[in-house]
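Asks: The structure follows.
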Amino acid sequence: MSDGVMSRTLPASAAARWLPWALLGLLALLPVVGAEMGLDYYVGFVRRMLIVMIAATGLNFILGYGGMAALGHAGFIGVGAYTVVALVDAGASSAWAAWGAAVLVSGAFAALIGAVTLRTRGVYFLMITLAFAQMLYYLAVSLSAYGGDDGYGLYSPLELGFGRTTGDAAVFFWVVLALAALVFAFASRAAVSRFGHALMGIRDNETRMEAMGYPVYRLKLVAFTGAGALAGLAGALLASHNNFVSPATMHWTESATLLVMVVLGGLGRRWGAVLGVAVWLALSEVLKLYTEYWHWPLGLMLIAVVFVAPRGLAGLFERRKA
Amino acid sequence: MDPIFIFEQLLNGVGYGLMLFLLAAGLTLVFGIMDTMNLAHGSLYMAGAYIAARVHEAGGSFVGAVLVAVAATVLVAFLLELLIVRKLYARDHLAQVIATFGVILIADDAVKAVWGPSPLMATTPAALAGPVQLLPELPYPAYRLVLLAVGLLVAVGLYVLVNHTRVGMLVRAGASNRPMAEFMGVRVGRVFSFVFALGAALAALAGALMGPISAVQIGMGEAILIPALVVIVIGGIGSVRGAFVAALLVGLVDTAGRAFLPPLLRSVLPPALAADLGPAFAGIAMYVLMAAVLILKPAGLFPARA
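Protein chains in written order, with our numbering: chain A, 1 to 322; chain B, 323 to 628.
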């Protein structure tokens with residue numbers, strides 16, 4: 001990491017600390033307001049945004065705090081999504097069971113893949129995580145029982161308990177919002193915990209942490225597994241959100257976009273990943289309305305961020321230590 | 323499987339490998355010397371393919387079209403280096419990945435605006451459209467033979483340039499230890515600009531030559547970028563020799579996987595399962611190769627830095 005990008009900053013003011021949570025609380029009103037004003041499409045859009053934020057939060061944790069540049073995160077999203085497909089195909093109908101299983105299975109995949117890949121560093125790590133994600137991609141393409149290349153439609157909504165299902169747009173929105181809030185809270189706790197500090201120490205100087213007796217490899221593996229499990233949760237929610245799963249979810253450009261969103265928002269910043277996802281998805285959505293050439297403004301923005309705001313968008317809001 | 327089919331596929335694999343080498347050579351030198359990851363290398367390949375296809379269509383001369391494509395792409399690369407890549411040397415890999423990913427997004431939209439969203443049909447030059455009788459029972463497309471010849475010629479040329487000229491010596495010095503080369507008075511920045519332009523020329527050449535036997539379309543740069551990255555990682559970043567060996571390996575493994583694995587699986591597995599697994603194994607083969615090499619030799623086959 002280049003100097004300065006990761007510099008420590010002053011603790012945020014109380015207002016800045018509570019503002020994101022207040023905004024999340026306000027979002028809970030969206031389904032009610034949206035139903036009144038006929039904005040159902042946007043309720044769905046924000047729901048998708050929240051789901052992607054869950055995955056990005058995990059990636060921000062290993063990349064921003066742990067310095068592990070993984071280019072295969074979409075693979076774990078896919079594992080989560082296909083776990084839901086497999087369970088539904090076998091007759092399962094409980095959302096919680098399916099999503100829970102997705103978290104466990106993708107966590108297990110992440111633990112196995114991490115055990116092999118975490119022995120490499122830097123660009124080699126980037127490439128080997130990409131390689132494993134590509135293997136998962138081709139595996140999904142070959143699963144003809146689940147539609148292969150064409151994907152798999154999930155036609156009946158899953159049960160959320162109390163007679164509600166994921167087919168109920170508002171209820172599903174609140175469930176996603178609550179899960180996302182839980183994940184954000186957990187991630188910001190973890191970042192300031194002993195574990196989080198040890199991880200940042202490893203990012204800054206692995207040799208020193210090793211010499212001080214920290215189990216470097218094990219700490220990285222735990223973080224990598226956790227991020228993989230979160231990606232699996234996002235994948236499972238995405239499957240229920242789209243009522244459809246296909247290998248395209250796991251394509252390498254999806255992993256790259258996730259990486260781009262995290263860096264855009266601000267690496268290792270508490271709300272960086274969330275901000276990056278919100279800005280990237282909202283901008284693409286708006287640009288698509290006006291032009292079919294909606295990629296280049298995003299590209300220009302990325303170049304601008306790299307040169308003008310190297311600490312990401314979240315970095316723009318920070319007070320810097322003198 | 324009959325030996326003729328196997329031989330034909332192996333030739334195809336070598337041809338694909340040589341084209342991968344043209345791409346990977348520039349990529350590995352840029353990476354090796356300036357520690358700069360340039361994802362937009364695939365976009366230069368796309369530029370070469372598009373320009374060659376359109377100029378060939380308009381002008382009729384294939385050789386002329388290839389030369390125009392190479393020259394125009396080098397010009398684009400010169401601007402790219404001046405405006406963006408040069409400012410990225412001192413930054414970390416992630417910043418380079420993000421900025422050059424931005425360049426990809428812009429390049430794809432620019433190509434769409436100029437040449438439209440649908441794929442182009444790049445025609446094989448008329449003189450090379452027919453087959454050549456290699457063996458009594460093996461007709462082989464003349465164009466693919468030319469591809470093999472050009473690829474080998476460029477590889478030999480690069481070998482001489484890198485190993486037996488003064489510029490090549492500076493390039494190798496920069497790749498193996500840049501700070502030391504700078505201390506000794508090498509203007510690494512200038513060497514790098516040369517290498518970047520050379521890499522762009524090779525990428526454009528590969529794009530122009532691959533046009534007639536692949537699809538000239540938006541996204542072709544991203545599709546070929548991944549195998550090219552796999553090649554430089556297997557070969558050892560910064561090593562042209564490594565890129566050559568790895569490119570042939572990847573070309574052969576990928577082509578052989580696609581050609582031989584499905585029939586092989588059909589002969590040992592139930593047909594339904596074989597139909598599922600064949601394409602999957604073929605797609606995965608290249609990545610398994612990379613994972614295996616990295617586990618045995620974490621810095622690739624021919625690490626440039628001792």
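The beta-carbon is built from N, C-alpha and C at its ideal position, and this holds for glycine as well.
Keep in mind it's a predicted model, so treat the numbers as computed, not measured.
Name the chain A residues whose beta carbon is nearer than 9 Å to that of Val388 of chain B?
Replies: The count along the second sequence starts at 1 and reaches residue 388 of chain B at position 66. The contacting residues do not exist; Val388 of chain B stays about 28 Å from chain A at best.
Asks: Are the beta-carbon atoms belonging to Ala497 of chain B and Gly622 of chain B less than 8 Å from one another?
Replies: Here the question's residue 497 of chain B lines up with position 175 in the second sequence. Here the question's residue 622 of chain B lines up with position 300 in the second sequence. Result no, Cβ atoms of Ala497 of chain B and Gly622 of chain B do not sit closer than 8 Å.
Asks: Measuring only between beta-carbons, confirm whether His363 of chain B sits less than 8 Å from chain A.
Replies: Taking the first residue of the second sequence as 1, we reach residue 363 of chain B at position 41. Answer no: the Cβ-Cβ gap between His363 of chain B and chain A never drops below 8 Å.
Asks: Is the beta carbon of Leu527 of chain B sitting closer than 8 Å to the one on Val513 of chain B?
Replies: As a first step, residue 527 of chain B is located in the second sequence; it is residue number 205 there, counting from the start. As a first step, residue 513 of chain B is located in the second sequence; it is residue number 191 there, counting from the start. In this structure, Val513 of chain B does not lie closer than 8 Å to Leu527 of chain B by Cβ.
Asks: Below 8 Å on the Cβ atoms is my contact criterion, and I expect Phe224 of chain A with Met68 of chain A to pass it. Report the Cβ-Cβ distance as a whole number of Å.
Replies: Your numbering for residue 224 of chain A matches position 224 in the first sequence. Your numbering for residue 68 of chain A matches position 68 in the first sequence. About 6 Å; that satisfies the 8 Å criterion.
Asks: Note down the Cα distance separating Asp324 of chain B from Leu118 of chain A, rounded to an integer number of angstroms.
Replies: Within the second sequence, the letter at position 2 stands for residue 324 of chain B. Within the first sequence, the letter at position 118 stands for residue 118 of chain A. Going by the C-alpha atoms only, they are around 43 Å apart.
Asks: Check the C-beta distance from Ile426 of chain B over to Ala362 of chain B and give it rounded, since I have them as a contact under 8 Å.
Replies: Counting from 1 along the second sequence, the entry for residue 426 of chain B is found at position 104. Counting from 1 along the second sequence, the entry for residue 362 of chain B is found at position 40. At roughly 6 Å, the Cβ-Cβ gap stays under 8 Å, so Ile426 of chain B and Ala362 of chain B are in contact.
Asks: Express the C-alpha separation of Val385 of chain B and Ala464 of chain B in angstroms, rounding to a whole number.
Replies: Counted from its first residue, the second sequence places residue 464 of chain B at position 142. Counted from its first residue, the second sequence places residue 385 of chain B at position 63. Cα to Cα, Ala464 of chain B sits roughly 15 Å from Val385 of chain B.
Asks: Within 10 Å of its beta-carbon, does Gly4 of chain A have 16 or more other beta-carbons around it, so buried, or fewer, so exposed?
Replies: Translated into positions along the first sequence, residue 4 of chain A becomes position 4. Caution applies to Gly4 of chain A, whose pLDDT of 41 falls short of 50 and renders its modelled position unreliable; the model cannot decide the point.
Asks: Label Thr445 of chain B either buried or exposed according to how many other C-beta atoms from any shown protein chain fall within 10 Å of its C-beta, with 16 as the threshold for buried.
Replies: Position 123 of the second sequence, counted from the start, is the residue given in the question as residue 445 of chain B. So Thr445 of chain B counts as exposed.
Asks: Should Arg47 of chain A be labelled buried (16 or more other beta-carbon atoms within 10 Å of its own) or exposed?
Replies: Residue 47 of chain A sits at position 47 when you count from the first residue of the first sequence. So Arg47 of chain A counts as buried.
Asks: Report yes if the C-beta distance between Ala273 of chain A and Ala56 of chain A is below 8 Å; otherwise report no.
Replies: Counted from its first residue, the first sequence places residue 273 of chain A at position 273. Counted from its first residue, the first sequence places residue 56 of chain A at position 56. Against a cut-off of 8 Å, the Cβ pair of Ala56 of chain A and Ala273 of chain A comes out as a contact.
Asks: As a quick exercise: from A:Leu259, A:Arg218, A:Ser255 and A:Val308, pick the residue whose alpha carbon is nearest that of Ala115 of chain A.
Replies: Counting from 1 along the first sequence, the entry for residue 115 of chain A is found at position 115. The shortest Cα separation from Ala115 of chain A among A:Leu259, A:Arg218, A:Ser255 and A:Val308 belongs to A:Arg218.
Asks: In chain A, which residues lie with their C-beta within 7 Å of the C-beta of Val555 of chain B?
Replies: Locating residue 555 of chain B in the second sequence gives position 233, where the first residue counts as 1. Near Val555 of chain B (Cβ distances below 7 Å), the residues of chain A are Tyr124 and Met127.
Asks: What in chain B is Cβ-close to Trp252 of chain A, meaning under 8 Å?
Replies: For the purposes of this step, residue 252 of chain A is identified with residue 252 of the first sequence, where counting begins at 1. Simply Ile548.
Asks: What did DSSP end up calling Ala304 of chain A once you bin it into helix, strand or coil?
Replies: For this step, residue 304 of chain A is matched to residue 304 along the first sequence. Three-state DSSP puts Ala304 of chain A in a helix.
Asks: Beta-carbon within less than 6 Å of Arg326 of chain B's beta-carbon, same chain only, minus the 5 sequence neighbours each way: which residues are those?
Replies: Taking the first residue of the second sequence as 1, we reach residue 326 of chain B at position 4. The sequence given here places Ile at residue 326 of chain B; Arg does not occur at that position. The residues are Glu459 and Leu460.
Asks: Strictly below 7 Å CB to CB, what residues from chain A border Asp431 of chain B?
Replies: Within the second sequence, the letter at position 109 stands for residue 431 of chain B. Residues of chain A passing the Cβ test: Tyr293, His295 and Trp296.
Asks: Span of the alpha helix (DSSP H) holding Gln134 of chain A?
Replies: Position 134 of the first sequence holds residue 134 of chain A. Element bounds for Gln134 of chain A: Gly122 to Ser142.
Asks: Of the residues that make up the stretch 103-120 of chain A, which ones have a beta carbon closer than 8 Å to any beta carbon in chain B?
Replies: Cβ contacts with chain B come from Val116, Arg119 and Thr120.
Asks: Using DSSP with H/G/I as helix, E/B as strand and the rest coil, what is Phe423 of chain B?
Replies: Locating residue 423 of chain B in the second sequence gives position 101, counting from the first residue. Residue state, collapsed to three classes: helix.
Asks: Would Lys409 of chain B count as contacting chain A if we go by Cβ distances under 8 Å?
Replies: Sequence index remark: in the second sequence, residue 409 of chain B carries index 87 (1-based). Taking Cβ atoms only, chain A reaches closer than 8 Å to Lys409 of chain B, which makes this a yes.
Asks: Are the C-beta of Ala310 of chain A and some C-beta of chain B separated by less than 8 Å?
Replies: Counting from 1 along the first sequence, the entry for residue 310 of chain A is found at position 310. For clarity, residue 310 of chain A is Pro in the given sequence; the question names Ala instead. By this cut-off, Pro310 of chain A is an interface position.
Asks: For Gln331 of chain B, name the three-state secondary structure that DSSP assigns.
Replies: The count along the second sequence starts at 1 and reaches residue 331 of chain B at position 9. In the structure shown, Gln331 of chain B sits in a helix (DSSP, three-state: H, G or I).
Asks: Quick one: give me the first and last residue of the beta strand (DSSP E) that Val454 of chain B is part of.
Replies: As a first step, residue 454 of chain B is located in the second sequence; it is residue number 132 there, counting from the start. From DSSP, the beta strand (DSSP E) with Val454 of chain B extends over Pro453 to Leu457.
Asks: Residue range of the alpha helix (DSSP H) that Tyr214 of chain A falls in?
Replies: To locate residue 214 of chain A, count along the first sequence from 1; it is residue 214. From DSSP, Tyr214 of chain A is part of no alpha helix (DSSP H); its letter is neither H nor E.
Asks: For Ile420 of chain B versus Val306 of chain A, is the C-beta distance shorter than 8 Å?
Replies: Along the second sequence, read from residue 1 onward, the residue named residue 420 of chain B stands at position 98. Along the first sequence, read from residue 1 onward, the residue named residue 306 of chain A stands at position 306. Contact: yes.
Asks: If contact is defined by three or more beta carbon pairs under 8 Å, each pair taking one atom from either stretch, is the stretch 576-591 of chain B in contact with the stretch 603-614 of chain B?
Replies: Yes, the stretch 603-614 of chain B touches the stretch 576-591 of chain B.
Asks: With DSSP as the reference, please indicate the residues paired to Phe244 of chain A in a beta bridge.
Replies: Position 244 of the first sequence, counted from the start, is the residue given in the question as residue 244 of chain A. BP columns for Phe244 of chain A point to A:Gly153.
Asks: Give me the Cα-Cα distance between Leu27 of chain A and Ile303 of chain A, rounded to the nearest whole angstrom.
Replies: Position 27 of the first sequence, counted from the start, is the residue given in the question as residue 27 of chain A. Position 303 of the first sequence, counted from the start, is the residue given in the question as residue 303 of chain A. Looking at the two C-alpha atoms, the distance is approximately 31 Å.
Asks: Since Ser94 of chain A sits in a beta bridge, which residues does DSSP pair it with?
Replies: By 1-based counting over the first sequence, the position of residue 94 of chain A is 94. Looking at the DSSP assignment, Ser94 of chain A forms a beta bridge with A:Glu159.
Asks: Are the beta-carbon atoms of Val436 of chain B and Ala522 of chain B separated by less than 8 Å?
Replies: Here residue 436 of chain B corresponds to residue number 114 of the second sequence, with the count starting at 1. Here residue 522 of chain B corresponds to residue number 200 of the second sequence, with the count starting at 1. Cβ distance not < 8 Å, so Val436 of chain B and Ala522 of chain B don't count as in contact.
Asks: So Leu460 of chain B is in the beta strand (DSSP E); what residue range does that whole segment cover?
Replies: Numbered from its first residue, the second sequence carries residue 460 of chain B at position 138. Leu460 of chain B -> beta strand (DSSP E) spans Leu460 to Pro463.
Asks: What did DSSP end up calling Arg164 of chain A once you bin it into helix, strand or coil?
Replies: Along the first sequence, read from residue 1 onward, the residue named residue 164 of chain A stands at position 164. Looking at Arg164 of chain A - three-state DSSP - the assignment turns out to be strand.
Asks: Reducing DSSP to helix, strand and coil, say where Val508 of chain B ends up.
Replies: Here residue 508 of chain B refers to the residue found at position 186 when the second sequence is read from its first residue. It is coil, neither helix nor strand.
Asks: Determine the direct distance from the alpha carbon of Leu63 of chain A to that of Tyr323 of chain A, and round the result to whole angstroms.
Replies: The first residue shown for chain A is 1 and the last is 322, placing residue 323 of chain A beyond what the model contains.
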